[in-house]
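Asks: Got a structure here, written out as structure tokens. Questions coming.
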Amino acid sequence: MIIEKYNKKKNVKYNKKYEKSRERQGEIWSEKVLDIFWPSICPFCGKVNRGGVCPLCRKAVEKLEIHEPRCLKCGKPIRCEEREFCHDCYNTEHIYERGVSVWLHKPPVNQAIYQLKYHNQRYVAKYFAQEICIKYAEEIRRWRPQALVPVPLHRKRRRKRGYNQAELLAEEIGKILGIPVVANLVKRVHYTGYQKKLDPIGRKKNLEHAFAPGGDPDRLPTDFQRVIIIDDIYTTGNTVDQVAKVLKTMGFQKVYFLTISIGQGY
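Numbering-wise, the sequence shown is residues 48 to 313 according to this note's numbering.
Encoded structure:
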């Protein structure tokens, strides 16, 4: 009887160990299959590269990375250390508190964002989120955000594209930093067309009344006061400002933004 019990326990241990070994072998095999049929590719040039970003693109994007000195408002690089704000922010009263971006919006960064937005290259969002968190995790913690709010797409454009790139980015950042994503907090109520075809004045006018509250602010927790707007590109700041405006009418006190890239200003 004792021997039988011992053998049973031994078999259970062996079976568990065997199952774990099989599971691990399955994981290794799955990884090998994925490497064959879905190899690592560079998010910037799209070429196969086991290390992700290829050496040529890494060298190019390092030159575009934003460092100090940068604008205390929008985060754009500034030439003179004595200046606190860029030319744009000296001449514009923004509604948001502050924001940052990883790179200037130049090749190959703008090309990768284009692939994410218009060619269904959704995997790039994960890479961009990782880079944002590596560079700005400490700054984000200082902001003490209670939620991430992706800039919404109009239902017409979302239906055509099939997804919202800002929402994909927000979800990946949220996973890394443990911050909830509230995608329906703001909605886009007017179809505004493509902003890049307009000048700064046209962009601002085009976005007026484009956004509205998407949820009932009375149903939010009373201490829900600090949020971060997530978008792919910051150009003139009009989109972020209009979303921030809606959020502040809903009772939020502090609104920040995070984007992949940022323009040179106007």
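All C-beta atoms in this analysis are idealised placements derived from N, C-alpha and C, irrespective of residue type, glycine included.
All figures in this text were calculated on a predicted structure; none of them were measured in a lab.
What residues are listed by DSSP as bridge partners for K301?
Replies: BP columns for K301 point to R273.
Asks: What separation, rounded to the nearest whole angstrom, lies between the Cα atoms of W150 and S308?
Replies: Rounded to whole angstroms, W150 to S308 spans 5 Å at the Cα level.
Asks: Which value, in whole angstroms, describes the spacing of the CA atoms of R117 and E131?
Replies: If I take the Cα positions, the gap works out to 8 Å.
Asks: Could you tell me whether any Cβ in chain D is nearer than 8 Å to the Cβ of V100?
Replies: Protein chains in the displayed structure number just one, and chain D is not present.
Asks: For V290 versus V233, is the C-beta spacing smaller than 8 Å?
Replies: Contact flag set, yes.
Asks: Buried or exposed: H256, going by 16 or more other Cβ atoms within 10 Å of its Cβ?
Replies: It counts as exposed.
Asks: Between the segment 154 to 173 and the segment 183 to 194, are three or more C-beta pairs nearer than 8 Å?
Replies: The segment 154 to 173 vs the segment 183 to 194: no contact.
Asks: Say whether the segment 132 to 140 touches the segment 96 to 106, bearing in mind that this needs 3 or more beta-carbon pairs closer than 8 Å, one atom from each stretch.
Replies: Too few Cβ pairs lie closer than 8 Å, so no.
Asks: Are the Cβ atoms of L200 and R235 separated by less than 8 Å?
Replies: For L200 and R235, yes; Cβs fall inside 8 Å.
Asks: Where G310 and F271 are concerned, what is the direct C-alpha to C-alpha distance, given to the nearest angstrom?
Replies: Cα to Cα, the separation comes out at about 31 Å.
Asks: What's the gap between the Cα of P192 and the Cα of R126?
Replies: Approximately 30 Å between the Cα atoms of the pair.
Asks: Can you tell me whether I102 is buried or exposed, with buried defined as 16 or more other CB within 10 angstroms of its CB?
Replies: First, the residue type needs correcting, since residue 102 is Pro and not Ile in the sequence shown. Result: exposed.
Asks: Going along the chain, which residues of its own chain have a beta-carbon closer than 7 Å to the beta-carbon of C180, five neighbours each way excluded?
Replies: So the qualifying residues of the chain are I220, I223 and L224.
Asks: Taking 7 Å as the line, does the beta carbon of Q212 fall inside it for any heavy atom of the ligand HEM?
Replies: The ligand content of the structure shown is nil, which means the ligand HEM is not present either.
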